[in-house]
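Residue numbers (the working numbering): 217 to 821.
In structure tokens:
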């Protein structure tokens with residue numbers, strides 16, 4: 217039986233240039249900082265859901281080419297091959313799916329088999345000099361008009377053949393990115409570009425936010441040239457293509473306008489109303505990292521979050537006082553989310569602490585499995601809590617890295633609190649779930665995952681209960697770390713826009729590391745269980761004192777209170793209505809309206 221990933225003798229014409237797969241992994245590690253000037257360098261993106269060695273082995277099996285001298289820089293992996301044939305074979309693998317992503321492979325070095333590191337350095341210096349001559353920093357424009365006849369380019373033989381031509385522009389864009397050029401406009405006119413030239417595609421890789429592009433005086437004939445660019449240059453505002461055969465085709469021009477939804481001007485002709493376009497594409501309400509439906513909910517939510525996270529990080533079992541036998545908790549793992557560039561080499565095994573009980577409904581389809589991954593009641597919830605890594609949330613030190621949304625939840629007279637942010641894993645779980653070792657042997661033993669920084673979203677449904685509050689539903693999503701890009705722009709300008717920074721809403725932490733919790737039913741206090749959620753005190757006291765409600769849980773009591781207030785029915789009839797409606801607020805309302813005409817007058821208060 218064929219075992220994927222094993223080394224040994226290749227099959228067919230497999231070019232096993234460096235021994236077995238595992239030997240090459242060691243070779244890669246030893247040569248990470250020693251690129252060979254005689255080899256060709258390639259750059260790979262779209263691989264970072266797996267490890268470096270996983271990718272090298274995958275490409276070795278798919279292309280029969282071994283990648284050498286591998287090193288990574290954020291989400292970009294660079295490696296080398298011995299000759300141009302191997303390089304072209306690897307480039308053909310662009311578009312292959314790997315670890316739920318699409319690989320993009322391109323040749324990035326200019327010289328290839330030059331054999332001279334001095335020559336390579338001099339070439340990079342030439343490219344820098346060329347950029348300095350052609351870049352206008354005031355206009356943020358790179359003017360590469362008639363670049364193919366530039367004296368510096370021609371005299372140094374940078375475009376001697378087609379192979380050098382493709383490498384030249386790739387290297388030029390790479391150097392431009394390293395020099396941190398800001399490009400709003402690029403002029404590539406009069407460079408003999410045709411339908412197969414990849415210059416504009418290479419430009420889009422390094423500078424996807426180019427707004428104005430001039431391609432006049434070239435030889436572009438087919439609409440497919442622009443079809444390859446529509447998903448890369450997404451903010452293109454002005455396009456000049458006059459002097460190309462395609463500019464004479466009216467139907468092609470219409471299709472180009474459709475491909476680029478932000479395009480306003482083509483060949484000097486206005487094709488969209490820019491003001492109207494701006495009103496459509498720009499959301500009228502600026503994003504905020506804090507939203508509270510009212511001041512009362514703001515105070516309740518921030519107190520709850522501060523105390524809850526302190527307990528979560530220090531002693532999760534203290535939180536059990538907030539959960540009832542009907543409370544629910546589940547978590548899901550989302551590995552498809554885009555990771556931040558600072559998250560390097562996220563391996564599949566790093567999710568082992570979460571994968572066994574993840575309730576991602578897109579991946580868990582069987583009803584039985586879904587129910588097994590839903591914790592109901594204090595005992596089950598406590599097991600789930602202890603199975604997750606120990607964490608640290610720095611919400612007090614870096615409040616700008618967290619976002620809070622709080623809304624009233626009328627069905628239960630409570631509130632819904634949604635928290636987005638990040639945490640650091642600081643230790644392995646106290647009591648991890650034991651996975652079944654199917655088949656036995658070392659291959660099936662669980663690998664201890666690396667502790668990492670994660671991003672998360674957590675949603676609580678919170679209701680009044682006893683003398684404090686109860687968590688009815690607790691849903692946690694864990695995903696790749698992606699920083700605070702979703703709300704960083706608003707938080708940076710919060711003072712000028714009048715927005716309230718998170719630091720002013722999150723209360724000062726208590727002097728003790730773990731706040732005191734008041735369990736439901738005990739005397740009111742200042743801890744998390746105290747009455748910080750706005751409630752109807754009079755109604756609560758009546759509901760709690762009536763002996764007919766002794767067997768009800770706090771959630772059912774709240775439902776009885778709410779239904780009684782809205783229907784004005786006496787308690788006996790409210791209990792009957794709730795029981796017949798399966799303790800469902802919406803069903804109770806429908807049943808009441810359907811039978812209202814038949815309810816006797818003495819049933820009402």
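C-beta atoms are modelled at their ideal positions from N, C-alpha and C, and glycine is treated no differently.
For residue i, I'd like the list of residues in its chain whose CB is within less than 8 angstroms of its CB, leaving aside the five on either flank, ordered along the chain.
i           : result
residue 589 : 546, 573, 574, 575, 580
residue 606 : 529, 641, 642, 643, 644, 645, 646
Let's test the definition: count the other Cβ atoms within 10 Å of the Cβ of residue i and tell me whether it reaches 16, buried, or not, exposed.
i           : result
residue 466 : exposed
residue 282 : buried
residue 272 : buried
residue 277 : exposed
residue 727 : Summary for residue 727: the model assigns pLDDT 38, below 50, so the residue's position carries little reliability; its value from the coordinates is reported in the next sentence. Exposed, since its Cβ has fewer than 16 Cβ neighbours within 10 Å.
residue 520 : buried
residue 811 : exposed
residue 671 : buried
residue 392 : buried
residue 348 : exposed
residue 412 : exposed
residue 423 : buried
residue 820 : exposed
residue 506 : buried
Quick check on the DSSP output: the beta strand (DSSP E) that includes residue i runs from which residue to which?
i           : result
residue 676 : 669 to 681
residue 550 : 539 to 550
residue 323 : 320 to 323
residue 430 : 428 to 430
residue 491 : Run containing residue 491: none in the beta strand (DSSP E); it sits in the alpha helix (DSSP H), 490 to 497.
residue 281 : Where residue 281 is concerned, there is no enclosing beta strand (DSSP E), given that its DSSP letter is neither H nor E.
residue 366 : Segment: none, residue 366 is in no beta strand (DSSP E) and carries neither H nor E.
residue 649 : Segment: none, residue 649 is in no beta strand (DSSP E) and carries neither H nor E.
residue 507 : 506 to 508
Can you list, in chain order, the residues of its chain whose CB lies under 6 angstroms from that of residue i, leaving out five sequence neighbours each side?
i           : result
residue 459 : 432, 433
residue 592 : 544
residue 430 : 403, 405, 456
So, with DSSP's three-state summary, where would you put residue i?
i           : result
residue 164 : Only positions 217 to 821 of the chain appear in the structure, and residue 164 is not among them; the question remains open.
residue 457 : coil
residue 344 : helix
residue 690 : strand
residue 275 : helix
residue 516 : helix
residue 532 : helix
residue 410 : strand
residue 598 : helix
residue 479 : coil
residue 301 : helix
residue 818 : helix
residue 607 : strand
residue 417 : helix
residue 266 : coil
residue 402 : strand
residue 352 : strand
residue 769 : coil
residue 591 : strand
residue 425 : coil
residue 784 : coil
residue 695 : strand
In the DSSP assignment, what are the bridge partners of residue i?
i           : result
residue 287 : 294
residue 310 : Residue 310 pairs with nothing; no bridge assigned.
residue 636 : 619, 673
residue 631 : 624, 678
residue 643 : 606
residue 358 : 351, 402
residue 685 : 680
residue 462 : For residue 462, which the question treats as bridged, DSSP gives no partner whatsoever.
residue 522 : In DSSP, residue 522 forms no bridge with anything.
residue 434 : Paired residues: none, contrary to the question.
Grab me the residues of residue i's own chain with a C-beta within less than 7 angstroms of its C-beta, minus the 5 sequence neighbours each way, in chain order.
i           : result
residue 566 : 665, 666, 668
residue 533 : 598
residue 808 : 783, 793
residue 803 : 797
Got a sec: does the ligand NAP put a non-hydrogen atom nearer than 8 angstroms to the Cβ of residue i?
i           : result
residue 406 : The ligand NAP is not among the ligands present in this structure, which contains no ligands whatsoever.
Considering residue i, what are the terminal residues of the alpha helix (DSSP H) in which it resides?
i           : result
residue 441 : 440 to 443
residue 802 : 801 to 811
residue 568 : 568 to 571
residue 613 : First-last for residue 613: undefined, no H or E at that position.
residue 260 : No alpha helix (DSSP H) holds residue 260; the beta strand (DSSP E) holding it covers 256 to 261.
residue 788 : 787 to 796
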